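Asks: Residues 159 to 282 (my numbering) make up the sequence shown, in order. C-beta: ideal position from N, C-alpha, C; glycine also. Since the model is a prediction, treat every value here as computed from it, not as a measurement.
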Amino acid sequence: MSNFSAKQEKVTSHEALLKQLEYMTKTVFPAVQIKARETQRRMIEHFNRVILHNEFPDKANVMSLDPLKREKLSPRHEGPYTVVRRTTGGFYELKDATGESLGRKFAPSQLKLVLDDFEEQILM
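Okay, here's the thing in structure tokens:
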């Protein structure tokens with residue numbers, strides 16, 4: 159027969175529970191809240207540093223990132239395409255050189271601006 163009396167649970171008094179609750183509300187919860195705010199601040203800083211927030215004007219020439227790039231030496235971007243408009247969600251609708259819409263929307267991180275007058279941009 160096994161002895162179940164060795165595994166008795168510790169009963170905490172009402173005063174001890176109130177004392178622990180006070181400790182948690184005064185010390186632990188504020189510390190967790192401070193740590194969560196600090197972590198959130200660092201995540202926002204990292205996002206703003208890493209993610210590019212590009213905005214392209216209408217009728218600008220852009221290149222899109224090729225999602226089906228199969229070979230190492232094949233070009234990373236395809237195009238050039240013309241920006242038709244920016245949607246409310248921040249995506250861009252593009253059209254090709256024939257004026258036909260591409261049929262999908264592109265995120266700003268998938269686009270790269272094409273400089274029309276390269277020499278003019280360098281001199282500025």
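1) On the premise that Phe264 lies in contact with Ser222, defined as a C-beta separation below 8 Å, what is that separation, rounded to the nearest angstrom?
2) For the region 266-275 and the region 197-217, state whether three or more C-beta atom pairs, one from each stretch, are separated by less than 8 Å.
3) Is the distance from the Cβ of Ala218 to the Cβ of Val242 below 8 Å?
4) Tell me whether the beta-carbon of Tyr239 lies closer than 8 Å to the beta-carbon of Leu226.
5) Beta carbon of Thr245, beta carbon of Glu236: below 8 Å?
6) Measuring straight from C-alpha to C-alpha, what distance separates Arg234 and Ala194?
Replies: By the coordinates alone:
1) Taking C-beta atoms under 8 Å as the contact rule, Ser222 and Phe264 qualify, at a distance of about 6 Å.
2) Contact between the region 266-275 and the region 197-217 is present: three or more C-beta pairs spanning the two stretches fall below 8 Å.
3) In this structure, Val242 does not lie closer than 8 Å to Ala218 by Cβ.
4) Going by beta carbons, Tyr239 and Leu226 fall outside the 8 Å limit.
5) Contact check for Thr245 against Glu236 fails: the beta carbons are separated by 8 Å or more.
6) Across the structure, Arg234 and Ala194 are spaced so that their CA atoms are roughly 39 Å apart.
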